[in-house]
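Q: Chains as they are written, first to last, in the numbering used here: chain A, 37 to 503; chain B, 37 to 503.
For every residue, glycine included, the Cβ atom is placed at its ideal position computed from N, Cα and C.
All figures in this text were calculated on a predicted structure; none of them were measured in a lab.
Got a structure for you, written out below as structure tokens; questions coming shortly.
There are 2 protein chains.
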Amino acid sequence: MTETTAPTWLPQHDPLATADPDADIHEWLAGWRRRAGMRVDVVPLAGLRGWRQDADTGVLAHGSGRFFRVEGLSVEVPGAAVPRWDQPVLHQPEVGILGLLARRDGDTLRVLVQAKAEPGNQDGHQIAPTVQATRSNWTGVHGGRPVPFLHHFRDPDPRRVLVDVRQSEHGSWFLRKRNRNMVVLTDEDIVPPPGFRWLSLAQLHRLLRHDDLVNMDTRTVLSCLPTELTARAAGPAQDAFTAALRRSCRPGTGSRHRTGELLHWITDVRSRTEVGADRTALRGRAAWHLGEVSLRHDSGLFFEVIGVDVDAEGREVASWSQPMLRPCGQGVVAFLATRLDGVLHVLAHARVEAGFVDVVELAPTVQCTPATLDYLPAAARPPFLDQVLGAPPERVRFRAVLSEEGGRLYRARSSYLVVETDDADLESDQYRWVTLHQVSELLRHSNYVNVSARSLIACLRGLLDAA
Amino acid sequence: MTETTAPTWLPQHDPLATADPDADIHEWLAGWRRRAGMRVDVVPLAGLRGWRQDADTGVLAHGSGRFFRVEGLSVEVPGAAVPRWDQPVLHQPEVGILGLLARRDGDTLRVLVQAKAEPGNQDGHQIAPTVQATRSNWTGVHGGRPVPFLHHFRDPDPRRVLVDVRQSEHGSWFLRKRNRNMVVLTDEDIVPPPGFRWLSLAQLHRLLRHDDLVNMDTRTVLSCLPTELTARAAGPAQDAFTAALRRSCRPGTGSRHRTGELLHWITDVRSRTEVGADRTALRGRAAWHLGEVSLRHDSGLFFEVIGVDVDAEGREVASWSQPMLRPCGQGVVAFLATRLDGVLHVLAHARVEAGFVDVVELAPTVQCTPATLDYLPAAARPPFLDQVLGAPPERVRFRAVLSEEGGRLYRARSSYLVVETDDADLESDQYRWVTLHQVSELLRHSNYVNVSARSLIACLRGLLDAA
């Protein structure tokens, strides 16, 4: 099995370079990684325990009819660099809960996180939200143990709900998948059970800078917190960049475009773009090969669907089998950022993903898997990719290799970067400069900001908390 | 052919009861109704000119593949009073533009409207927005004349765009249909061509009180104007109700729930509600009969799909044939309203319609077709219907019989009512008191407020302009 490795152009994070105020958290997580292992064996896709493959279509579904299905998707985007393709897709109609329990402690906001292993994770345990559960988890379809803390999110006091919004997941891999992102305040004096721990928002922000440490679900929930709240909690600005970042988080500071203009732009792109995405059989998709072992693209690129057997301690269910999607190659997820009148703006891309509910969502300036570009037509090479990869080190304001969701995705990792530029003249039909406060306003609603952008916004905002 | 008539419990509007400051507008519209007739003949559905019926499925589509299709829809809403049904549905994926050109004239906002006939309209011409065009209109699929004023909406100066948002249409009749609602400011000194006319917002507001006069497309675009803007333009408050209405339009005035709480409630209802809506064949739907003449329900209720031949003067195309959906019976669309701390609130219903993009949208307190209720189980009788129909006349703050969209719907009409109540204790899982400003905030985004609620909000807000 091929292991994904970081390309050489990416300097690796060195946690020993400075004294780390969060050493005890790293030690706590390392302890869980040592103690409670999760054994994941890659096994042939055909004959996965509990899963059925339709003889005609090849569609993979769980015997219970719940969880998720692997289906085919036939996509048309007239006028795009690749106007038409077939692909497998994960179809998971049920909406899960990603819930973070929070407590005010004077001016400090503390959140309850857990050390959670997922079969797809690079290093086993990562920092996860308080609750990370699909409906199948809590309705007991898989006959497992109850989900701790779930009741805080199932029927909360509405006045204590800081965040409650359904957000999309990777639209190139999932068909209209959405999770409910929630942050709920509690007054209860909760002593964390084993595997759980209170962290301040500042601590969590600092941990975002470490590779494969804070999981995707935590990052997306964090991104939905109102910017005012995260910026208020942070310490004093250290430099002009941080000062501009803080201004970017404040409502009412100058933005290149009024929010109404951004909404007009999004409506316009959505109205001009036609996307057809029809669910189809898995068998017989052009360029895809469904074998006994796995489902893969003839080029060996994009992704493959594999099978895994999982043995886990400390989970609701101790062992199971499932298909997983394994991306071929590490992704690049990057925002270009610039200061306009002293306010930091990021260059948002109105991006089509076939699995989106509403045509386009705002994505990072660059979001791609460089390994696939040799296979695709030259016009499919993302604008700004070379600018991001060739940026001088002092303009790189954030850099970490972070894991994508590990419950369905196997070793999916991307380099997350924020690169500063002085060139503000980069807008075109599909790109606009936006402030973090504007992104935050949009994040109160579904279908506006994709999961990669949300992750990176959480990381960028986290820079307000000094190391 | 059966004509829909108003039930006897509805007093008819009498335009002669008071001197009408808008008499010249009525005369202008009446002139168009007399002069430029549109001849509409109901003809058999089979063999409609230019349309093809699939031999196996019965699905009706235009020979060009554009415009719209009549398909079958198989719906499941587990736990609902009617948990499962089949129905025909209009499928029109293309997004049209409903555009209102506006001009500031001191404190007055003027909008350019047109007298427009639609085949489904009760009385031929009604007041329509500046532009009302499907993509097929402006891309010339039907080989017609260019659409006047379209360029103002196709590539506007973003700073002059007051409204640009895609909003849903009747989700019980259309599958995920959306139109782009736009208001664009102009400085140009436009002399209206024949059939067009500048009206002040106050004039348009007053016209909303007349039966079948201001068309649905105008009402939905009006509803998307920011409340501040409409309330600022209006005259002084005449009574406590109007004062409470005006406060309801102002940002920052006291509301029963914070907007964040409303978003939490909507997310919660959407997460708890499962809706399955699968496109299917038209032939073989339980309880529906597809004949030569029409497609109708065995009960004679709900709606039928009929064919029409249209001969029109003054249209882009002078004659054509098409299927239309004819509702059986007049609808009731009503908000209960109450004053909470001197601020008017309306009781919004989180309502499932099978054709919605995102499970539920906020609807009026009552939205139904009373004639169908005898056929449905008792549990399907809408809460508050009797309260609305039995309200004493002095509590009825708004009442008019208004036409629904006349391009696809044949003689579709509803009684629109706003009924005041002193009983504020009416909330339950699916009902919440909201201010008009909160509705206005939600209307900046898609998928929140359904077309019936939008129509009625425009009417209610229009009461701020004294007769």
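Please tell me whether Leu383 of chain A has its Cβ less than 8 Å away from any Cβ of chain B.
A: Walking along the first sequence from the start, residue 383 of chain A turns up at place 347. By this cut-off, Leu383 of chain A is not an interface position.
Q: Does any residue of chain B bring its CB to less than 8 Å from the CB of Leu299 of chain A?
A: By one-based count along the first sequence, residue 299 of chain A stands at place 263. Yes, its Cβ sits closer than 8 Å to a Cβ of chain B.
Q: Between Glu441 of chain B and the rest of its own chain, which residues show a CB-CB distance below 6 Å, the 5 nearest in sequence each way excluded?
A: Here residue 441 of chain B refers to the residue found at position 405 when the second sequence is read from its first residue. Met252.
Q: How many whole angstroms separate the CB atoms of Leu299 of chain B and Asp200 of chain A, which I take to be in contact at a CB cut-off of 8 Å?
A: The residue given as residue 299 of chain B occupies position 263 in the second sequence. The residue given as residue 200 of chain A occupies position 164 in the first sequence. Leu299 of chain B to Asp200 of chain A, Cβ: 7 Å. Contact.
Q: Below 7 Å on C-beta distance, what does His481 of chain B contact in chain A?
A: Taking the second sequence and counting its residues from 1, one reaches residue 481 of chain B at position 445. In chain order: His481.
Q: Classify Thr471 of chain A: buried if its beta carbon has 16 or more other beta carbons within 10 angstroms, exposed otherwise.
A: Mapped onto the first sequence, residue 471 of chain A falls at position 435. By the neighbour-count rule (16 or more Cβ atoms within 10 Å), Thr471 of chain A is buried.
Q: According to DSSP, what are the bridge partners of Glu107 of chain B?
A: For the purposes of this step, residue 107 of chain B is taken as residue 71 along the second sequence, with counting starting at 1. Answer is B:Val125, bridged to Glu107 of chain B.
Q: Considering only residues of the same chain and omitting the five flanking positions on each side of Arg431 of chain B, which have a CB-CB separation below 8 Å?
A: Here the question's residue 431 of chain B lines up with position 395 in the second sequence. Val455, Glu456, Thr457, listed in sequence order.
Q: Have a look at the DSSP bridge pairing and note the partners of Cys404 of chain A.
A: To locate residue 404 of chain A, count along the first sequence from 1; it is residue 368. DSSP, once it has assigned bridges, lists A:Val368 as partnering Cys404 of chain A.
Q: Cα-Cα, which of B:Phe103, B:Arg195, B:Phe434 is closest to Gly86 of chain B?
A: On the second sequence, residue 86 of chain B is found 50 positions in, with the first residue counted as 1. Measuring from the Cα of Gly86 of chain B, the nearest candidate turns out to be B:Phe103.
Q: Going by DSSP, which residues form a beta bridge with Thr303 of chain B?
A: In the second sequence, residue 303 of chain B corresponds to position 267, counting from 1. BP columns for Thr303 of chain B are empty, so no partner.
Q: Determine the chain D residues that contact Thr93 of chain A at a beta-carbon separation under 8 Å, and present them in chain order.
A: Checking the listed chains, one finds no chain D in this structure; the protein chains it contains are A and B.
Q: Of all the beta strand (DSSP E) runs that stay within the bounds of the segment 282-352 of chain A, which reach a length of 3 or more residues?
A: The qualifying runs are 312-316, 324-326, 331-333, 339-348.
Q: From this set, B:Arg216, B:Asp60, B:Arg196, B:Arg245, which residue's C-alpha is nearest Thr222 of chain B's C-alpha?
A: Along the second sequence, read from residue 1 onward, the residue named residue 222 of chain B stands at position 186. Selected option, being the one with the closest Cα: B:Arg196.
Q: Would you report the Cα separation of Trp324 of chain A and Asp422 of chain A, rounded to the nearest angstrom?
A: For the purposes of this step, residue 324 of chain A is taken as the residue at position 288 of the first sequence. For the purposes of this step, residue 422 of chain A is taken as the residue at position 386 of the first sequence. Looking at the two C-alpha atoms, the distance is approximately 30 Å.
Q: Which of the three DSSP states, helix, strand or coil, is assigned to Cys495 of chain B?
A: The residue given as residue 495 of chain B occupies position 459 in the second sequence. The answer is helix: DSSP assigns Cys495 of chain B an H, G or I state.
Q: Quick check on Val329 of chain B: buried or exposed, where buried means 16 or more other Cβ atoms within 10 Å of its Cβ?
A: Here residue 329 of chain B refers to the residue found at position 293 of the second sequence. Burial call: exposed.
Q: If Leu244 of chain A and Leu126 of chain A are in contact, beta carbons under 8 Å, what's the gap, nearest whole angstrom?
A: Taking the first sequence and counting its residues from 1, the one referred to as residue 244 of chain A is at position 208. Taking the first sequence and counting its residues from 1, the one referred to as residue 126 of chain A is at position 90. At roughly 26 Å, the Cβ-Cβ gap does not stay under 8 Å, so Leu244 of chain A and Leu126 of chain A are not in contact.
Q: Which first and last residues belong to the alpha helix (DSSP H) in which Glu132 of chain A is found?
A: Looking up residue 132 of chain A in the first sequence gives position 96. Here the sequence assigns Gly to residue 132 of chain A, which means Glu is not the residue at that position. Run containing Gly132 of chain A: none in the alpha helix (DSSP H); it sits in the beta strand (DSSP E), 132-141.
Q: Take Glu205 of chain B and list the residues in its own chain whose beta-carbon comes closer than 6 Å to its own, dropping the five residues that flank it on each side.
A: Indexing the second sequence from 1 puts residue 205 of chain B at position 169. Result list for Glu205 of chain B: Lys213, Val487, in chain order.
Q: Whole angstroms are fine: how far does the CA of Gly367 of chain B sit from the CA of Gly320 of chain B?
A: By 1-based counting over the second sequence, the position of residue 320 of chain B is 284. By 1-based counting over the second sequence, the position of residue 367 of chain B is 331. Each residue's Cα considered, the two are about 28 Å apart.
Q: Check this for me: beta carbons of Met360 of chain B and Leu445 of chain B, under 8 Å apart or not?
A: Walking along the second sequence from the start, residue 360 of chain B turns up at place 324. Walking along the second sequence from the start, residue 445 of chain B turns up at place 409. In contact: Met360 of chain B and Leu445 of chain B (Cβ atoms closer than 8 Å).
Q: Going by the beta-carbon positions, is the gap between Thr254 of chain A and Ile163 of chain A smaller than 8 Å?
A: For the purposes of this step, residue 254 of chain A is taken as the residue at position 218 of the first sequence. For the purposes of this step, residue 163 of chain A is taken as the residue at position 127 of the first sequence. Cβ atoms of Thr254 of chain A and Ile163 of chain A: closer than 8 Å.
Q: Kindly indicate which residue of A:Pro230, A:Ala460, A:Arg140 has the alpha-carbon position closest to the one of Val220 of chain A.
A: Taking the first residue of the first sequence as 1, we reach residue 220 of chain A at position 184. With distances taken between Cα atoms, Val220 of chain A lies closest to A:Arg140.
Q: To the nearest angstrom, report how far apart Ala427 of chain A and Ala72 of chain A are at their CA atoms.
A: In the first sequence, the residue the question calls residue 427 of chain A occupies position 391. In the first sequence, the residue the question calls residue 72 of chain A occupies position 36. Distance between the alpha carbons of Ala427 of chain A and Ala72 of chain A is about 40 Å.
Q: Quick one: residues in its chain with C-beta nearer than 8 Å to the C-beta of Arg88 of chain B, no 5 flanking neighbours on either side, listed in chain order?
A: Taking the first residue of the second sequence as 1, we reach residue 88 of chain B at position 52. Leu96, Ala97, His98, Gly99, listed in sequence order.
Q: If we ignore side chains and look at the alpha-carbon of each, how far apart do Phe232 of chain A and Leu383 of chain B end up?
A: As a working note, residue 232 of chain A is residue 196 in the first sequence. As a working note, residue 383 of chain B is residue 347 in the second sequence. Using only the alpha carbons, I get a separation of about 42 Å.
Q: What residues in the segment 116-139 of chain A bring their beta carbon closer than 9 Å to a beta carbon of chain B?
A: Cβ contacts with chain B: Pro129, Glu130, Val131, Ile133.
Q: Anything in chain B within Cβ reach of Thr303 of chain A, meaning under 7 Å, just list it in chain order.
A: Here residue 303 of chain A refers to the residue found at position 267 when the first sequence is read from its first residue. What Thr303 of chain A touches in chain B: Asp200, Val201, Arg202, Arg216.
Q: Quick check: the segment 60-71 of chain B against the segment 332-340 of chain B, are at least 3 beta-carbon pairs closer than 8 Å?
A: Cβ pair count under 8 Å is below three, so no.
Q: Which residues in chain B sit within 8 Å of Val197 of chain A, going by Cβ to Cβ distance?
A: If you number the first sequence from 1, residue 197 of chain A lands on position 161. Correct list: Gly296, Glu297, His300.
Q: If you run the structure through DSSP and keep just helix, strand and coil, what is Glu430 of chain A?
A: For the purposes of this step, residue 430 of chain A is taken as the residue at position 394 of the first sequence. Of the three classes helix, strand and coil, the one that applies to Glu430 of chain A here is helix, per DSSP.
Q: Can you tell me whether Pro504 of chain A is buried or exposed? The criterion is at least 16 other CB atoms within 10 Å of its CB, across all chains shown.
A: This structure cannot settle anything about residue 504 of chain A, because the visible part of chain A is limited to 37 through 503.
Q: Check Trp173 of chain B in the structure and name its three-state DSSP category.
A: Taking the second sequence and counting its residues from 1, the one referred to as residue 173 of chain B is at position 137. In the sequence on display, residue 173 of chain B carries Asn and not Trp. Asn173 of chain B: helix per DSSP, three-state reduction.
Q: Looking at chain B, is there any beta carbon in it that lies within less than 8 Å of the beta carbon of Arg306 of chain A?
A: Working through the first sequence from its first residue, we reach residue 306 of chain A at position 270. Answer yes: the Cβ-Cβ gap between Arg306 of chain A and chain B drops below 8 Å somewhere.
Q: Could you please give me the residues that DSSP links to Pro356 of chain B through a beta bridge?
A: Sequence index remark: in the second sequence, residue 356 of chain B carries index 320 (1-based). Residue identity check: residue 356 of chain B is Trp in the sequence provided, not Pro. Bridge partners of Trp356 of chain B: B:Val346.
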